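Novice: I'd like to ask you about the structure that follows.
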Amino acid sequence: MTRRVRSKRILSFAEVAVQAANSKLFREYIGAESESIKLTDVPINSKVEFHFILAFAIDYTNGNSPSPSNGKFNIFWESNHLGPGEIASIKHEHSNVKVAVSLGGDSVGDGKAFFAPNSIDSWVKNSVPSLTNMIKEYNLDGIDIDYEHFHSDPSTFAECIGQLIMSLKKSGTIKFASIAPFDDEEVQSHYLALWKKYGHVIDYVNFQFYAYDKISVSQFVSYFKKQASNYAGGQILASFISGGGGGLKPDDGFFEACSELKGEGILGGIFIWCADESTKQGFEYEKKSQDFLASA
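For what it's worth, the numbering used here labels the leading residue of the sequence shown as 14, then goes sequentially.
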């Protein structure tokens, strides 16, 4: 993938359009809610770029009472059918598939999962080898940043995550990195600080549009453009949640909104939360999303 360098000035939508180039990128989180979900359950269209995102790896201890481990990551996704062998097999069978791991998430055990480094240097020193080992063992291609609760200021978060991404890219351990913010004041303050300093090493923005209350097509398009401005120069993906919740649902106009964004040349792809929940719908919208992206 060509590395993009983000300009310090605010880019116009026309300039963002050139970078997003109506991407055929489809991404889906998997492994957060089901012990039986398999990679092979999810339909894969050969005409899109397909990313599975394992949810989650968290820098917390394992056990009955997980606690912050200062950058030493453990597996918290349901790994019964999402192990190294299954990942190698799906990537061998489908040359368009890549697999990433998401870091953080909303909760761990019975509590919230906080980003809680002891210091920038110690967190980075621990996280780089911890994730390097995990990424190599599981044959992963990238990381996704989805911390949603913080025991740190935005500057510390930006430095920890930015230095982590830079180190993993420099060593060739990962090919891409993404972030998954949503429209919350604390969350945005942390991710925008990260973007301001390290946006040039972040490839995709998995913005959680489903974290909004129920919205209309016009509101979705407006919110998308607002976030494209906030994360200027970034490849912004449209998103929905397959198990209900907020945002704009597929049956309520999601693809209509995507068509409008695609027509303006600013749709950076589609992602879904999550495969575990989509089993109930027979992956209907995974198929429709990929067909939409693959169409001319």
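We put the CB at the ideal spot given by N, CA and C, even for glycine.
Computed from a predicted model, the values in this text were never measured in an experiment.
Where does W286 sit, in a helix, a strand or coil, going by DSSP?
Specialist: strand
Novice: Return the CA-CA distance between K238 and S132, expressed in angstroms with no decimal places.
Specialist: When rounded, the distance between both Cα atoms is 35 Å.
Novice: Measuring straight from C-alpha to C-alpha, what distance separates I103 and D157?
Specialist: 20 Å
Novice: Within 10 angstroms of the Cβ of T186, are there 16 or more other Cβ atoms? Answer buried if so, exposed if not.
Specialist: buried
Novice: If I follow the unbroken alpha helix (DSSP H) through I148, where does it start and stop?
Specialist: 133-151
Novice: According to the Cβ coordinates, are L177 and S140 closer than 8 Å?
Specialist: yes
Novice: So, with DSSP's three-state summary, where would you put V230?
Specialist: helix
Novice: Start and end of the beta strand (DSSP E) containing Y160?
Specialist: 155-160
Novice: Would you identify the three-state DSSP class for E41, choosing helix, strand or coil?
Specialist: strand
Novice: Is the number of C-beta pairs between the stretch 91-107 and the stretch 35-51 that are closer than 8 Å three or more?
Specialist: yes
Novice: Is it buried or exposed, S165, if we count other Cβ atoms within 10 angstroms and call 16 or more buried?
Specialist: So S165 ends up on the buried side.
Novice: Let me know if E299 comes out buried or exposed under the rule of 16 or more other beta-carbons within 10 Å of its beta-carbon.
Specialist: buried
Novice: Using beta-carbon positions only, say whether S191 and N219 come within less than 8 Å of one another.
Specialist: At the C-beta level, S191 and N219 come within 8 Å of one another.
Novice: In chain order, which continuous runs of the beta strand (DSSP E) of length 3 or greater are located wholly inside the stretch 82-120?
Specialist: Taking only runs of at least 3 residues, the beta strand (DSSP E) segments lying wholly in the stretch 82-120 are 110-118.
Novice: Between V31 and G282, what straight-line distance do the alpha-carbon atoms span, to the nearest angstrom?
Specialist: Caution applies to V31, whose pLDDT of 42 falls short of 50 and renders its modelled position unreliable; the value that the coordinates give is listed next. Their backbone Cα atoms lie some 14 Å apart in a straight line.
Novice: Smallest Cα separation from S231: which of E199, Y223, G266?
Specialist: G266
Novice: Could you tell me the boundaries of the alpha helix (DSSP H) in which E198 lies?
Specialist: 198-211
Novice: Taking only the alpha-carbon atoms, compute the straight-line gap between I215 and L207 and give it to the nearest angstrom.
Specialist: 9 Å
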